[in-house]
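Asks:
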Amino acid sequence: MKLKQLAWIFLIIPMVCLAVQPLYSFHSIEQQQRFTTLIGELRCVVCQSQSLAESNAPLAHDIKQQIYLMVQDDKSEKMIKQYMVDRYGDAILYNPPMQLNTTILWGLPFVLIFTVLIALPVWVGKQKKMVREK
Amino acid sequence: MKTLRYCIPLVFLVLLFGLLWRSLAPHDEVEIPSTMVGKVMPAFYLSDLRSDSRIIHSQELLGTPILFNVWATWCITCMAEHAFLMKIKQQNQIRIIGLNYRDDQTAAQQWLKTHGDPYQTVLFDPTGKTAIDFGIYGTPETFIIDQKGIVRYRYAGMLTQEVWQTEIVPIFAALNKV
Numbered sequence: 001m002k003l004k005q006l007a008w009i010f011l012i013i014p015m016v017c018l019a020v021q022p023l024y025s026f027h028s029i030e031q032q033q034r035f036t037t038l039i040g041e042l043r044c045v046v047c048q049s050q051s052l053a054e055s056n057a058p059l060a061h062d063i064k065q066q067i068y069l070m071v072q073d074d075k076s077e078k079m080i081k082q083y084m085v086d087r088y089g090d091a092i093l094y095n096p097p098m099q100l101n102t103t104i105l106w107g108l109p110f111v112l113i114f115t116v117l118i119a120l121p122v123w124v125g126k127q128k129k130m131v132r133e134k
Numbered sequence: 135m136k137t138l139r140y141c142i143p144l145v146f147l148v149l150l151f152g153l154l155w156r157s158l159a160p161h162d163e164v165e166i167p168s169t170m171v172g173k174v175m176p177a178f179y180l181s182d183l184r185s186d187s188r189i190i191h192s193q194e195l196l197g198t199p200i201l202f203n204v205w206a207t208w209c210i211t212c213m214a215e216h217a218f219l220m221k222i223k224q225q226n227q228i229r230i231i232g233l234n235y236r237d238d239q240t241a242a243q244q245w246l247k248t249h250g251d252p253y254q255t256v257l258f259d260p261t262g263k264t265a266i267d268f269g270i271y272g273t274p275e276t277f278i279i280d281q282k283g284i285v286r287y288r289y290a291g292m293l294t295q296e297v298w299q300t301e302i303v304p305i306f307a308a309l310n311k312v
């Protein structure tokens, strides 16, 4: 009896849950991959810490549907992203583009690394000299 | 001098804690600035909420500046905003166009009958396709669209007397002067 209940919990219920997921069918695996990539890289603008793929918000469903139609229409990844940026701005991209207003975001890590790379030998040299002098 | 140098990591530590503390506190989601402002409003063909047989093209709405309000019956904030829109309607100076978003047509018609109808025209967008074109991410949202169809302003959230006086009235005043 217990085993049967466990079987229900661990086998049957997950199967049913999988079965009710919305199905998007594509002409090719390439299209499906494009769709999966896009919904993973675009933000759900309502629930901002989730991607479209993770979100269940109604707006996320609408946008996914729109992406689905565009992928079926064989629109490229770049075109679809541009379509969304035109409407929702850069905020919809999880991966921020390299442009003028994101210079600090992209540049600062390199600046910090270079500063450390240059400062470290100088500092170590100083310390060595101090030890020697002692 | 030496003590000052020891203070530098401390300053960084305090800054880091400040940052972490801020993200711990409950905060609203960041408001997404509209990409539509300054652009021509997206073109659409939508059916009239009040009668299915009438299809409205976006161009038909132009001529004088409009207040373009996105709403739905399932949106509680829209209900709260509704009384204010009725007040604006009574002043009878501004055309209010509604975009009924992801809604049930009968429910929406009934809603307007029960609570009053501030809209000159209500467009019916059950799939939310036009809403995506407008970059809408929540309801209510309100746009000001000028006589030529250029979006001048977007407000996300509930309209209040204060927002109306400080933000919206000046824009309409400027548009009507032209």
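Going down the list, the protein sequences come from chains A and B. Taking the numbering used here, I'd label the letters of the first sequence as residues 1 to 134. Taking the numbering used here, I'd label the letters of the second sequence as residues 135 to 312. We put the beta carbon where it would ideally sit given N, CA and C, even for glycine. Computed from a predicted model, the values in this text were never measured in an experiment.
Quick one: Cα of Lys263/B to Cα of Arg156/B, how far?
Replies: C-alpha separation (whole angstroms): 36 Å.
Asks: For Lys64/A, collect the residues of the same chain with a Cβ closer than 7 Å to its Cβ; drop the 5 residues on either side in sequence, then sort them by chain order.
Replies: Cβ within range, chain order: Ile39 and Leu52.
Asks: Rank Gln99/A, Leu108/A, Tyr68/A and Glu77/A by C-alpha distance to the C-alpha of Ser25/A and give the top, closest one.
Replies: With distances taken between Cα atoms, Ser25/A lies closest to Tyr68/A.
Asks: Candidates Met175/B, Glu194/B and Cys209/B: which alpha carbon is nearest Asp238/B's?
Replies: Out of Met175/B, Glu194/B and Cys209/B, Cys209/B has the C-alpha closest to the C-alpha of Asp238/B.
Asks: Below 8 Å between beta carbons: does that hold for Arg43/A and Ile80/A?
Replies: In this structure, Ile80/A does not lie closer than 8 Å to Arg43/A by Cβ.
Asks: Rounded to whole angstroms, what's the CA-CA distance from Ser28/A to Lys78/A? Just pull it up for me.
Replies: Cα-Cα distance, rounded: 18 Å.
Asks: Report, in whole angstroms, the separation of the C-beta atoms of Thr273/B and Ala206/B, which I expect to be a contact under 8 Å.
Replies: Sure, about 5 Å apart at Cβ, within 8 Å.
Asks: Anything in chain B within Cβ reach of Arg87/A, meaning under 7 Å, just list it in chain order.
Replies: Residues of chain B passing the Cβ test: Thr169, Ile266, Asp267 and Gly269.
Asks: Taking contact to mean 3 or more Cβ pairs, one atom from each stretch, closer than 8 Å, check whether the segment 178-191 of chain B and the segment 213-226 of chain B are in contact.
Replies: No, because fewer than three Cβ pairs between the segment 178-191 of chain B and the segment 213-226 of chain B fall closer than 8 Å, the two stretches do not touch.
Asks: Count Cβ pairs between the segment 171-184 of chain B and the segment 281-292 of chain B that sit closer than 8 Å; are there 3 or more?
Replies: Yes: the two stretches touch, three or more of their Cβ pairs being nearer than 8 Å.
Asks: Pick helix, strand or coil for Arg184/B, following the three-state DSSP scheme.
Replies: If DSSP states are grouped into helix, strand and coil, Arg184/B belongs with coil.
Asks: Which residues in chain A have a C-beta closer than 8 Å to the C-beta of Val164/B? List them in chain order.
Replies: What Val164/B touches in chain A: Gln48 and Ala91.
Asks: Could you pull out every residue in the same chain whose Cβ sits closer than 8 Å to the Cβ of Thr37/A, ignoring the five residues on either side in sequence?
Replies: Closer than 8 Å at Cβ, skipping near neighbours: Glu77.
Asks: Note down, in chain order, all residues in the segment 236-270 of chain B with a beta-carbon under 9 Å from any beta-carbon belonging to chain A.
Replies: Under the 9 Å Cβ criterion, the segment 236-270 of chain B contributes Arg236, Thr261, Gly262, Lys263, Ala265, Ile266, Asp267, Phe268, Gly269 and Ile270.
Asks: Suppose only complete runs of 3+ residues qualify. What are the beta strand (DSSP E) ranges in the segment 195-257 of chain B, listed by chain order?
Replies: For the segment 195-257 of chain B, whole beta strand (DSSP E) runs of length 3 or above, ordered along the chain, are 200-205 and 229-235.
Asks: When you compare only the Cα positions, how much space is there between Phe178/B and Asp86/A?
Replies: Whole-angstrom Cα-Cα distance: 16 Å.
Asks: Does the beta carbon of Gly232/B sit closer than 8 Å to a beta carbon anywhere in chain A?
Replies: Not an interface residue.
Asks: DSSP beta-bridge partners for Ser51/A?
Replies: DSSP output for Ser51/A lists Arg43/A as bridge partner(s).
Asks: By DSSP, does Phe277/B sit in helix, in strand, or in coil?
Replies: Strand, per DSSP.
Asks: Between the beta-carbon of Ile266/B and the beta-carbon of Asp62/A, is there less than 8 Å?
Replies: In contact: Ile266/B and Asp62/A (Cβ atoms closer than 8 Å).
Asks: For Ile189/B, which three-state DSSP category applies?
Replies: Correct three-state label for Ile189/B: strand.
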